[in-house]
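Comments concern the structure below.
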Amino acid sequence: MNQDSYQYYFESMPENSIFMEYIIFPLIIFLIILLIYQFIKKRIMKDDKNELESLKLLQELLEKGTINEDKFEKKKNKIVSKW
């Protein structure tokens, strides 16, 4: 084997590599899907947390007598309808 064929052997190997084809590519796809899932999950949890805080504030306003029962129910239904 001369130097030209030796260099060609190493340059062409990754294209035909079983490792690249069956392990690395699916692993990259899996990691991308996992990152997207985590991002969506975090965003949904953040929205739910904000809505729960809004419900707590509405409940406090109702207990203090700042708003009446009708306004409380309307605002509560508006927040809960997003779920």
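Each residue of the sequence shown is one higher than the one before, starting from 928 at the first, in the working numbering. A virtual CB, placed ideally from N, CA and C, is assigned to each residue, including glycine. All values derive from a computational prediction rather than experimental measurement.
What separation, rounded to the nearest whole angstrom, lies between the Cα atoms of Asp997 and Lys969?
33 Å
How about Lys1002 and Leu985: do their beta carbons lie closer than 8 Å?
yes
For the alpha helix (DSSP H) containing Glu964, list its first residue and its last residue.
-> Position check: residue 964 holds Tyr in this sequence, whereas Glu was assumed. Phe952 to Lys991 is the extent of the alpha helix (DSSP H) around Tyr964.
Practice task
Report the three-state DSSP secondary structure of Asn995 (helix, strand or coil).
Solution key: Secondary structure of Asn995 (DSSP, three-state): coil.
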